[in-house]
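Mapping to our numbering: the sequence shown position 120 is 214, numbers consecutive.
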Amino acid sequence: MAHVDIKDLSKHFGTLTVFDGVDLHVDDNEFVSILGPSGCGKTTLLRIVAGIVEATAGAVLVDGETIHKPRPDMTLVFQNFRLLPWRTVEDNVAYGLRLQGNSKAAARELAQPYVQLVGLEGREKEYPYQLSGGMQQRVGLARALAIQPEILLMDEPFGALDAQTRELMQDELLKIWSADRKTVLFVTHSIDEAIVLSDRVVMMQSNPGRIVDVIRVPFDRPRDATAIRTDPRFATLRAEMWALLRQDPLAGDSAPGRTGD
Ligand SMILES: Nc1ncnc2c1ncn2[C@@H]1O[C@H](COP(=O)(O)OP(=O)(O)O)[C@@H](O)[C@H]1O
Ligand SMILES: [Mg+2]
């Protein structure tokens, strides 16, 4: 269990103010999405939480401890993660465990349940090039989960997938998350994705980036993604979020799509 406190956080690059005065609490085992147009600072925010970029002002605390560098119990998963092409599925999943000092055999054994969890049982000996994009993404997810982080930071992990695969991955992630609840901070620019997955959605606008609202998603857990997508409350929530995001004058064409882009 772990909770995250983001306190009055600001980030400047030279004269550019990426965001200012960001405050957010993410509870133990809570799934929170950050939704906002390109350039509002989502990636930068997540990297600061991960401890790989320094804030200009403010602080990030995990269980009350200020972040200065990456923590072993917190993992960042991003869109263009690279699987190791010369390693099999099982060895890619086991990779983080190897880095933690486990022997090859031990790492494979520890990785096995996560291969199963993401539905890749039977594909252990295959190489990344033999897998579809969605399967590769699942390998990446299994690799992140296998080291059993308390906190999972995800930066548009499904952004490179086609719409259909993306929905399948959302369903998959819902299942995995129900089985193995983590504290999750999930960045997306898809309204639909944010609603389906999250307990709360943090709405950001740009220039400078800031939080304009935090919206609670009322659907019970465990969730059925298909049922949610056809629930009348889904349409209402989506309209509410869309209205907030389109108030951003700079959002323009990069504003979040209505179609689960
Ligand atoms: N290392 C950097 N140096 C200078 N500017 C940066 C750097 N990283 C990000 N930015 C700028 O910060 C702003 C926010 O970027 P980013 O966090 O990637 O936004 P998002 O993920 O919401 O699209 C953008 O204007 C981007 O160009
Ligand atoms: Mg980004």
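Beta carbons: idealized from backbone N, C-alpha and C, even for Gly.
Status (buried if at least 16 other CB within 10 Å, exposed otherwise) for residue i
i	result
residue 223	exposed
residue 248	buried
residue 139	buried
residue 271	buried
residue 219	exposed
residue 346	The predicted position of residue 346 is uncertain, since its pLDDT is 49 and thus under 50; a value taken from the coordinates is nonetheless stated next. When all chains shown are included, residue 346 counts as exposed.
residue 250	buried
residue 280	buried
residue 201	buried
residue 273	exposed
residue 283	buried
residue 159	exposed
Unbroken beta strand (DSSP E) run spanning residue i, endpoints
i	result
residue 232	No beta strand (DSSP E) holds residue 232; the alpha helix (DSSP H) holding it covers 227 to 240.
residue 177	Unbroken run through residue 177: none, as it is neither H nor E.
residue 280	277 to 282
residue 314	Looking at the DSSP string, residue 314 is not in any beta strand (DSSP E), and its letter there is neither H nor E.
residue 294	294 to 299
CA nearest to the CA of residue i, picked from the options
i	options	result
residue 319	291, 335, 301, 298	291
residue 103	111, 110, 295, 115	115
residue 262	229, 237, 275	229
residue 211	198, 242, 181, 298	242
residue 253	236, 227, 311, 316	227
residue 170	208, 145, 105	145
residue 148	184, 156, 162	162
residue 264	337, 151, 322	322
Residue i - containing alpha helix (DSSP H), residue span
i	result
residue 262	257 to 273
residue 171	No alpha helix (DSSP H) holds residue 171; the beta strand (DSSP E) holding it covers 168 to 172.
residue 183	183 to 187
residue 286	285 to 291
Simplified DSSP state of residue i, which is helix, strand or coil
i	result
residue 212	coil
residue 96	coil
residue 320	helix
residue 328	helix
residue 339	helix
residue 195	coil
residue 217	coil
residue 108	coil
residue 253	coil
Any non-hydrogen atom of ligand 3 within 7 Å of residue i CB
i	result
residue 320	Ligand 3 is absent from the structure shown, which contains only ligand 1 and ligand 2.
What are the complete beta strand (DSSP E) segments, minimum 3 residues, inside the segment 119 to 160?
Within the segment 119 to 160, the complete beta strand (DSSP E) runs of at least 3 residues fall at 125 to 129, 151 to 156.
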